[in-house]
Amino acid sequence: MEWFTTAPDAPGLHAILALWAVVAISAVFRGFTGFGFAITAVPLLSLVVSPMRAVALATGLQIVGGLVDVRSAARHCHWPSIRWLVCGVVVTSPIGALILTCVSADVARLLVSAACAAAVAALSLGLAFRHMPGAAGTVAMGGLAGLFSGLAAMPGPPAIVYYLASPLSPVQVRSSLIVFFLFAALAAGISLSLTGALGRMEALLALVGLPIMIAGSALGAFLFRRLGGAHRRVSLVTLALVALLTAAKGLAGLL
Numbered sequence: 350m351e352w353f354t355t356a357p358d359a360p361g362l363h364a365i366l367a368l369w370a371v372v373a374i375s376a377v378f379r380g381f382t383g384f385g386f387a388i389t390a391v392p393l394l395s396l397v398v399s400p401m402r403a404v405a406l407a408t409g410l411q412i413v414g415g416l417v418d419v420r421s422a423a424r425h426c427h428w429p430s431i432r433w434l435v436c437g438v439v440v441t442s443p444i445g446a447l448i449l450t451c452v453s454a455d456v457a458r459l460l461v462s463a464a465c466a467a468a469v470a471a472l473s474l475g476l477a478f479r480h481m482p483g484a485a486g487t488v489a490m491g492g493l494a495g496l497f498s499g500l501a502a503m504p505g506p507p508a509i510v511y512y513l514a515s516p517l518s519p520v521q522v523r524s525s526l527i528v529f530f531l532f533a534a535l536a537a538g539i540s541l542s543l544t545g546a547l548g549r550m551e552a553l554l555a556l557v558g559l560p561i562m563i564a565g566s567a568l569g570a571f572l573f574r575r576l577g578g579a580h581r582r583v584s585l586v587t588l589a590l591v592a593l594l595t596a597a598k599g600l601a602g603l604l
């Protein structure tokens, strides 16, 4: 702890404790929904540290958390859609990371908020696919997810809309999102490393937060097994709250 608080680029002690609290909350949500880590962690972390560092931390934690869960999730995920989504993400994730280096912190927060709000609106209006989209539509959705992945470590809104609107079962949806987010995080991590955003301090903070990530995800998975019927409703309510909170912070900074 002393090293963290004395290093030149380290957040303060209170900020570190707040970061770990956010990781715990977001990990529980991730374990329950299969997608909720970055979409809750990035907006909340950006209230404590810069959006750039929030994105880097969320990306690092998603990578290590995904590696822990991928073996069990791979048995139930929908692999054909995963492959096409990842193709889109790989192409556009570097573009999103480049945009992140060019916009202000408050503009980045508003973009994150808009992404969450768009996902909530689409799903609340009853968007649903009778059949799984084809390769072209899935690659396009993956490309949109890649932009948000590089920009805010949040491929979530497009991917969430895609899978929650699909005819897949809740177990398949959750497993597919876990596997997809691992690949998306790996792509974003490479992009962020190349831009210098994912550095030594971010990697160490993510490593120290890993036990919290694992424990929170396990608790969320337990809740999913007990309360799986509430999966969609909880997802929408949480997305809406995150959108409102992040928009308020971004607008306050701009005004």
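In the working numbering, the protein residues as written are 350 to 604. Even for Gly, the Cβ is constructed at its ideal location relative to N, Cα and C.
Requested in this report: Decide if the stretch 505-523 is in contact with the stretch 400-413; the criterion is three or more beta carbon pairs, one per stretch, under 8 Å apart.
Outcome: As far as the Cβ criterion goes, the stretch 505-523 does not touch the stretch 400-413, which means the pair count is below three.
Query raised in the report: Looking at the structure shown, is Gly545 part of a helix, part of a strand, or coil, going by DSSP?
Result: Annotated three-state conformation of Gly545 is coil, per DSSP.
Query raised in the report: Roughly how many angstroms lie between the CA atoms of Phe497 and Phe478, to the nearest whole one?
Result: Spanning the two alpha carbons is a distance of roughly 23 Å.
Query raised in the report: Cα separation between Lys598 and Phe386?
Result: So the alpha carbons of these two residues sit roughly 20 Å apart.
Requested in this report: Only counting runs of 4 or more residues, tell me where the alpha helix (DSSP H) segments fall wholly within the stretch 435-462, in order along the chain.
Outcome: At a cut-off of 4 residues, not a single continuous stretch assigned as alpha helix (DSSP H) sits fully inside the stretch 435-462.
Query raised in the report: By DSSP, does Leu585 sit in helix, in strand, or in coil?
Result: Here Leu585 sits in helix by DSSP.
Query - 6 Å CB neighbourhood of Thr389 in its chain, flanking five on each side removed - result: Around Thr389: Ser375, Phe378, Val591.
Query raised in the report: Does the beta-carbon distance from Ala537 to Ala446 come in below 8 Å?
Result: Cβ distance < 8 Å, so Ala537 and Ala446 count as in contact.
Query raised in the report: Taking the C-alpha atoms as reference points, what is the distance between Gly548 and Val398?
Result: Near 15 Å, if we compare the C-alpha coordinates of Val398 and Gly548.
Query raised in the report: If you follow the alpha helix (DSSP H) that Ser375 is part of, which residue opens it and which one closes it?
Result: Run containing Ser375: 362-382, per the alpha helix (DSSP H) assignment.
Query - Short Cβ contact (8 Å threshold) for Gly491 with Leu434 - result: Taking 8 Å as the Cβ cut-off, Gly491 and Leu434 qualify as a contacting pair.
Query raised in the report: Straight-line CA distance for His427 to Trp369?
Result: Rounded to the nearest angstrom, the two C-alpha atoms are 32 Å apart.
**Report entry** With 16 other Cβ atoms within 10 Å as the buried cut-off, status of Leu362
**Finding:** The residue in question, Leu362, is exposed, as its Cβ has fewer than 16 Cβ neighbours within 10 Å.
Requested in this report: Helix, strand or coil for Met481, going by three-state DSSP, please let me know.
Outcome: In the structure shown, Met481 sits in coil (DSSP, three-state: anything other than H, G, I, E or B).
Report task. At 4 residues or longer, and completely inside the stretch 505-538: list those alpha helix (DSSP H) runs for me, N to C. Result -> Runs of the alpha helix (DSSP H) spanning 4 or more residues and lying entirely within the stretch 505-538 occur at 505-513, in chain order.
**Report entry** Counted within 10 angstroms of its Cβ, other Cβ atoms place Cys465 as buried (16 or more) or exposed
**Finding:** It counts as buried.
**Report entry** Coil, strand or helix - Ala405 by DSSP
**Finding:** In this structure, Ala405 counts as helix in the three-state DSSP scheme.
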